[in-house]
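S.K.: Below is the structure I would like to discuss, written out as structure tokens.
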């Protein structure tokens with residue numbers, strides 16, 4: 083018997099909406115550099131996310147003053163740019179998580195129903 087491993091792909095639009103929150107949460111847990119964040123995202127199951135997605139998101143968060151960055155010399159190459167949330171980043175994270183949880187609470191009851199093979203007929207108006 084053969085085992086087939088299917089790597090889930092994630093809708094880029096959904097990911098775009100939550101990526102900043104994921105990055106801010108990960109950075110709140112531990113100061114990190116870009117490549118390390120990509121690896122951490124892969125570890126949680128977002129294996130199709132790339133550097134080309136994470137680095138622009140980090141640059142945007144830095145422009146928005148939601149993260150600060152510092153260069154740290156590396157023993158294995160050029161200096162690395164480590165990121166951490168600012169006070170504005172922590173505020174955005176708290177607000178964003180609250181909004182995300184509210185969104186999930188509203189949408190999950192609909193989306194978690196089994197998918198029917200066809201819609202029910204319309205109900206008769208009285």
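In the working numbering, the protein residues as written are 83 to 208. We treat Cβ as the ideally placed atom computed from N, Cα and C, and that holds for glycine. Please read these numbers as outputs of a predicted model, since none were measured by experiment.
(1) Buried or exposed: where does residue 173 fall if 16 or more other Cβ atoms within 10 Å of its Cβ makes it buried?
(2) State the Cα-Cα distance for the pair residue 129 and residue 137, rounded to the nearest angstrom.
(3) Whose CA, out of 192, 205, 199 and 147, lies closest to the CA of residue 165?
(4) Tell me whether residue 134 is buried or exposed, calling it buried when 16 or more other Cβ atoms sit within 10 Å of its Cβ.
(5) So residue 156 is in the beta strand (DSSP E); what residue range does that whole segment cover?
(6) In the structure shown, what three-state DSSP assignment does residue 142 receive?
(7) What whole-angstrom Cβ distance do residue 140 and residue 149 have, given they're in contact under 8 Å?
(8) Based on DSSP bridge pairs, tell me the residues matched to residue 166.
(9) In whole angstroms, give me the CA-to-CA distance for residue 158 and residue 178.
(10) Taking the straight line between their C-alpha atoms, what separation do you get for residue 132 and residue 113?
M.R.: In short:
(1) Residue 173 counts as exposed, since fewer than 16 other C-beta atoms from the protein chains shown sit within 10 angstroms of its C-beta.
(2) Going by the C-alpha atoms only, they are around 16 Å apart.
(3) 147
(4) So residue 134 ends up on the exposed side.
(5) 149-156
(6) helix
(7) About 7 Å; that satisfies the 8 Å criterion.
(8) 150
(9) 36 Å
(10) The straight-line gap from Cα to Cα measures roughly 19 Å.
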